[in-house]
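Undergrad: One structure coming up, written as structure tokens, with questions to follow.
Residue numbers (the UniProt record's numbering): 1 to 221.
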């Protein structure tokens, strides 16, 4: 866990970076949809501050709805002049709010799905050579859980265009889904496990997976 973050709290330094300028509003899809301040990054950070100092309980239904309503797309971050790490804050919020039985049923179902052996669908789309490729390469392909199921042709293209890239069919989830949906420690542990399994440089064609792995393992991987 972040050493600057107390248990059950947000990282205060990250909350303090927001200057409430509103540059994030035009970039936020949920604000554009509703036009409501609380559905914007600025509004949600205002809620986070109220939760942080106890003016609002974490059990508040309106606050919980906003924690869930955010898409986690982080489109607000590039336009923020203060460099607020909003994606980290929303993950911390969900980590606090959705622990254990409090986690929404659909999120629990997603966690179970990525643990299942449905990775076979992407491996069956690869050529026999790619499926049996030895793991002696210095570069490994990390297979995104949703990409491997919905877009297996992407991994197949990598195997065809870069035959030197190793593809380990027994690899697990990188943990991005877990971190984005309120299980920060679980997401970090899965990323570390994948980093140990895939030695050398890790290649990923899934942006969310790449960002999470870089955050946990370091950009040098």
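Glycine included, C-beta positions come from ideal geometry on N, C-alpha and C.
For residue 203 and residue 154, which I take to be in contact (beta-carbon distance under 8 angstroms), what is that distance rounded to the nearest angstrom?
TA: About 12 angstroms separates the two Cβ atoms, so there is no contact after all.
Undergrad: Does the beta-carbon of residue 66 have 16 or more other beta-carbons within 10 angstroms, so that it is buried, or is it exposed?
TA: By the neighbour-count criterion, in which 16 or more other beta carbons inside 10 Å mark a residue as buried, residue 66 falls on the buried side.
Undergrad: Nearest by alpha-carbon distance to residue 172: which of 186, 162 and 160 is it?
TA: Of the listed residues, the one whose Cα sits closest to residue 172 is 186.
Undergrad: Are residue 27 and residue 47 close, meaning C-beta to C-beta below 8 angstroms?
TA: no
Undergrad: Distance, Cα to Cα, residue 118 vs residue 53?
TA: Since pLDDT at residue 118 reaches only 43, below the 50 mark, its modelled position is unreliable, and no value is offered.
Undergrad: Alpha carbon to alpha carbon, how far is residue 57 from residue 7?
TA: 15 angstroms
Undergrad: If I follow the unbroken beta strand (DSSP E) through residue 96, where does it start and stop?
TA: That residue, residue 96, is in no beta strand (DSSP E); its alpha helix (DSSP H) goes 86 to 97.
Undergrad: The beta strand (DSSP E) spanning residue 141 covers which residue range?
TA: 139 to 142
Undergrad: Quick one: Cα of residue 25 to Cα of residue 80, how far?
TA: 10 angstroms
Undergrad: In angstroms with no decimal places, state the Cα-to-Cα distance between residue 17 and residue 159.
TA: 43 angstroms
Undergrad: Determine the contact status of residue 195 and residue 98, defining contact as a CB-CB distance below 8 angstroms.
TA: no
Undergrad: Less than 7 angstroms between C-beta atoms, sequence neighbours within five positions excluded: which residues of the same chain meet that for residue 230?
TA: Nothing in the structure corresponds to residue 230, since the chain is present only between 1 and 221.
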